[in-house]
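K.L.:
Structure provided below as structure tokens; questions to follow.
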Amino acid sequence: MSKNSKLVEVAFKGERKAIFKDRNDVEIHEGEYVVVEAERGYDLGKASCVGSLVKLKRGKGETRNIIRKAQDTDLENLKKNQEKEKAAFKVCREKIKHFKLDMKLVDVEMQFDGSKITFFFTAAQRVDFRELVKDLAAVYRTRIELRQIGVRDEAKRIGGCGVCGRKQCCDAFLSEFEQITTQMAKDQQLALNPTKISGNCGRLLCCLRYENEMYLQIFSDFPPIGSRVNHGVKQGTLSYVNIFQLKGLVHFSDNSQEWLTPEELKKGTLEYAT
Numbered sequence: 203m204s205k206n207s208k209l210v211e212v213a214f215k216g217e218r219k220a221i222f223k224d225r226n227d228v229e230i231h232e233g234e235y236v237v238v239e240a241e242r243g244y245d246l247g248k249a250s251c252v253g254s255l256v257k258l259k260r261g262k263g264e265t266r267n268i269i270r271k272a273q274d275t276d277l278e279n280l281k282k283n284q285e286k287e288k289a290a291f292k293v294c295r296e297k298i299k300h301f302k303l304d305m306k307l308v309d310v311e312m313q314f315d316g317s318k319i320t321f322f323f324t325a326a327q328r329v330d331f332r333e334l335v336k337d338l339a340a341v342y343r344t345r346i347e348l349r350q351i352g353v354r355d356e357a358k359r360i361g362g363c364g365v366c367g368r369k370q371c372c373d374a375f376l377s378e379f380e381q382i383t384t385q386m387a388k389d390q391q392l393a394l395n396p397t398k399i400s401g402n403c404g405r406l407l408c409c410l411r412y413e414n415e416m417y418l419q420i421f422s423d424f425p426p427i428g429s430r431v432n433h434g435v436k437q438g439t440l441s442y443v444n445i446f447q448l449k450g451l452v453h454f455s456d457n458s459q460e461w462l463t464p465e466e467l468k469k470g471t472l473e474y475a476t
């Protein structure tokens, strides 16, 4: 890559993102549409990140080039493609019913130059869709790709709001899905109620993962829940930790309770819970 080449992260439909090189030193700002090189032909997307931050996101592998900024005619073609995608969705869904395939069509994405149409679907098991591909290729006379995705990818492509009221993490900023376990919910003192700790995809909330380290760090300053604590002349049990007030709730044998700091708890801890 030449010294003058800049890196630009470009977002496509369904929050699909890739990093491209700006060899021609075009003045590109976030939010602007650009025409870029694709695997075969070219595509159109929106610049989502420009500058030094892109280097931190760049992975290994080939980085294709930005051809130019999008023109008015390109944006008009984009709208036409979006209408074609809606029509293709209906056609594919009818053909899925015709072939009695056990699959759920999620989304359709047409490459900007029309050289490829990708149909995204979910399925409980592997699906033989060869006849479906032949029929779709006969209708659209272009390269057809059927791509099976998981339920978390489905939620990312469709979009929506989480239980917090904000945009889903998966289509807001997360670029990769990491493993999430119920132990993380336990570590954060959450009730293991599936409706409370699951996202729109039906899987455990993504925020359980990237907040977990903070919770563990805070809890490391406290004795484990269930530890026996001596405070003055009273003895009790640590039952809850409020991470926002940085205090632990101790229930004493005389049915009273008191909030204590980590220092007070450690000083009076008689027996750690196992």
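Numbering (the working numbering), first residue to last: 203 to 476.
Glycine included, C-beta positions come from ideal geometry on N, C-alpha and C.
#1: Rounded to a whole number of angstroms, what is the C-alpha to C-alpha distance between residue 290 and residue 238?
#2: Indicate whether residue 247 and residue 212 have their beta-carbon atoms separated by less than 8 Å.
#3: Which word fits residue 450, buried or exposed, when buried means at least 16 other C-beta atoms lie within 10 angstroms of its C-beta?
#4: According to DSSP, which residues form a beta bridge with residue 431?
#5: Applying the criterion that 16 or more other CB atoms from any shown protein chain within 10 Å of the CB defines a buried residue, is residue 305 buried or exposed?
#6: Between the alpha carbons of residue 404 and residue 322, how many angstroms are there, rounded?
#7: Since residue 275 is in the alpha helix (DSSP H), which residue starts that stretch and which ends it?
#8: Can you give the Cα-Cα distance for residue 470 and residue 442, rounded to whole angstroms?
#9: Assess contact between the region 309-323 and the region 341-360, defined as three or more Cβ pairs (one per stretch) separated by less than 8 Å. Is contact present?
#10: Do you know how far the Cα of residue 426 is from the Cα of residue 271?
#11: Measuring alpha carbon to alpha carbon, tell me which of 402, 461, 343, 433 ends up nearest residue 355.
#12: To test your reading of the DSSP string, which unbroken beta strand (DSSP E) runs of 3 or more residues are found completely within the region 356-440?
#13: When the Cα of residue 315 is compared with those of 244, 266, 328, which residue comes out closest?
#14: Select from 416, 378, 364 the residue whose C-alpha is nearest the C-alpha of residue 400.
#15: Just to confirm, is the Cβ distance from residue 281 to residue 338 under 8 Å?
#16: Who does residue 349 pair with in a DSSP beta bridge?
P.N.:
So, from the data block:
#1: 24 Å
#2: yes
#3: Buried: at least 16 other Cβ atoms inside 10 Å.
#4: 438, 471
#5: buried
#6: 18 Å
#7: That run of the alpha helix (DSSP H) goes 274-301.
#8: 16 Å
#9: yes
#10: 57 Å
#11: 402
#12: 430-433
#13: 244
#14: 364
#15: no
#16: 322
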